[in-house]
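Those letters in the sequence shown? Residues 35 to 373, per the numbering used here, in order.
Since the structure comes first, as structure tokens, the remarks are kept for the end.
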Amino acid sequence: MGKNFKSIDHVRCGPPPRFPRMCGTSLKTINNIIHKDLELDTRRKGKVHKLTPFHMKNRATNARKLYEEHLAGSRSEYTATLDEAWMYVTYCNGIRKICYIKRGNQVPDNWVHQCSETFPKGFMVVGVMTGRGVLPLIKVPSKVKVNSEFYIECVLKPVIEQLKDLYPGEMDKVFLHHDKASSHTSNKTQQFLQEMKDTLGLNFIRNSDIPVKSPDASPLDFYGFGMLKQRLFNRRPKNEAGLWKAAQEEWSNVSLSKVKESPEPPVFVFWYQDDRMINYDSRRGHITTHKAGEDTAISRIFIRNAHVSDSGNYTCCPSNAEPTSITVHVLNVFLNTIS
């Protein structure tokens, strides 16, 4: 045990090795050493978008509209969300992007996940996730420009044909969602989608309703592609052909039903006071979300120095469950002064 303890403590700053095999012990023992003996916490190195006031305002309206009308609960059955993503061979056989630190400490600046300077081998794929399952991945050929022509002929047309089989006689209930990429919002693409609405009844998101810089609004972003990349981590392809085969196999196991099982806390929680999103109003207080059991998560909003203006209808909108609301009345405000 002492040797294992020393080995794990020594390498915690560098690329995590395969601890159990290196130390000749079980994964449970390794976890006990990390979290109990060394008193280390797990921290994930994430990326976030920098939001301008315009982006925040757009999210406060469009993200909520998309969620409440098409993604929440049973509404997601008829929603087909489409997006592109890059798949790289480096996603496989990779080094974990987490580290272990003493409780209460910040991640040191020199604890980084180093990336190769060379451009990794990979390709772009198009994924489509619906409330009735995923459609097969579409591989974008190398050196092909994803413009309106390609998007219509090689993506939208084959996707719509598959949706017709998935929703026989119900195309007028289907809602197609994609992001604000130029090939999605071009006049040519919008004209084609309008023709599909006129002939098939297919509904689609209007350019003005697309949330900007909002990756957590799409099931492909907060679940689908993330889960695919996580599963690819344990695969061992050596080239792009092997990566494509592995990606297709793993993608076929992705489904929205697993999102609804909600084994983990929601990826995001939107809080509203009446019709105004207050997630980014740090002057009011703060929001916490944590797991409270195998299938339960709790989100709380704390409001500092509450005033009568803080009264109203508060709605909690998690990414993987129906929204719920409560009415709050601030009746009296007491101000304590020290003389």
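Note that the Cβ used here is the ideal one computed from N, Cα and C, for glycine as well.
Taking the alpha helix (DSSP H) that residue 89 belongs to, which residues open and close that run? 87 to 92
Give the DSSP-derived three-state secondary structure of residue 343 in the structure shown. helix
Count the CB pairs spanning the region 231 to 240 and the region 199 to 217 that are closer than 8 Å, and state whether there are at least three. The region 231 to 240 vs the region 199 to 217: in contact.
For residue 288 and residue 365, what's the separation of their Cα atoms in angstroms? 49 Å
Please report the distance separating the alpha-carbon of residue 446 from that of residue 118. The first residue shown for the chain is 35 and the last is 373, placing residue 446 beyond what the model contains.
Work out the CA separation of residue 123 and residue 155 for me, nearest whole Å. 6 Å
Apart from the five residues on each side of it in sequence, which residues of its chain come closer than 7 Å, Cβ to Cβ, to residue 127? 270
Please state if the CB of residue 303 and the CB of residue 330 are separated by a distance shorter than 8 Å. no
Go to residue 265, then tell me how far its alpha helix (DSSP H) extends in each direction, as first and last residue. 259 to 266
Where does residue 359 fall in DSSP's three states? strand
Give the DSSP-derived three-state secondary structure of residue 106 in the structure shown. When DSSP states are grouped into helix, strand and coil, residue 106 belongs to the coil group.
Contact check, residue 167 vs residue 112 under 8 Å by CB: the rounded distance? Rounded, the Cβ-Cβ distance is 13 Å, inconsistent with contact.
Kindly list the residues whose CB is nearer than 7 Å to the CB of residue 345, restricted to its own chain and excluding five residues on each side of it in sequence; keep chain order. Taken in chain order, the residues that qualify are 362, 363 and 364.
Residue 307 by DSSP, collapsed to three states: which one? strand
Take the Cβ of residue 151 as the centre, count every other Cβ of all protein chains shown within 10 Å, and call the residue buried at 16 or more, exposed below. Low local confidence applies: a pLDDT of 49 at residue 151 is under 50, so the model's placement there is unreliable, with the coordinate-based value given in what follows. Exposed, by the Cβ-count rule.
Please give the ranges of any beta strand (DSSP E) in the region 194 to 234, keeping only runs that are unbroken, at least 3 residues long and fully inside the region. 209 to 211
For residue 372 and residue 260, what's the separation of their Cα atoms in angstroms? Unreliable positioning characterises residue 372 in this predicted model, as indicated by a pLDDT of 44, which lies under 50. A coordinate reading is not provided.
Please state whether the Cβ-Cβ distance between residue 284 and residue 262 is less than 8 Å. Taking the C-beta atoms as reference points, residue 262 is found nearer than 8 Å to residue 284.
Tell me the residue span of the alpha helix (DSSP H) that contains residue 281. 274 to 285
Excluding five sequence neighbours on each side, which residues of the same chain lie with their C-beta closer than 6 Å to the C-beta of residue 115? 163, 211, 252, 253 and 254
What whole-angstrom Cβ distance do residue 182 and residue 217 have, given they're in contact under 8 Å? About 5 Å; that satisfies the 8 Å criterion.
Below 8 Å between beta carbons: does that hold for residue 348 and residue 314? no
Beta-carbon within less than 8 Å of residue 198's beta-carbon, same chain only, minus the 5 sequence neighbours each way: which residues are those? 205 and 234
What separation, rounded to the nearest whole angstrom, lies between the Cα atoms of residue 337 and residue 143? Roughly 32 Å between the two C-alpha positions.
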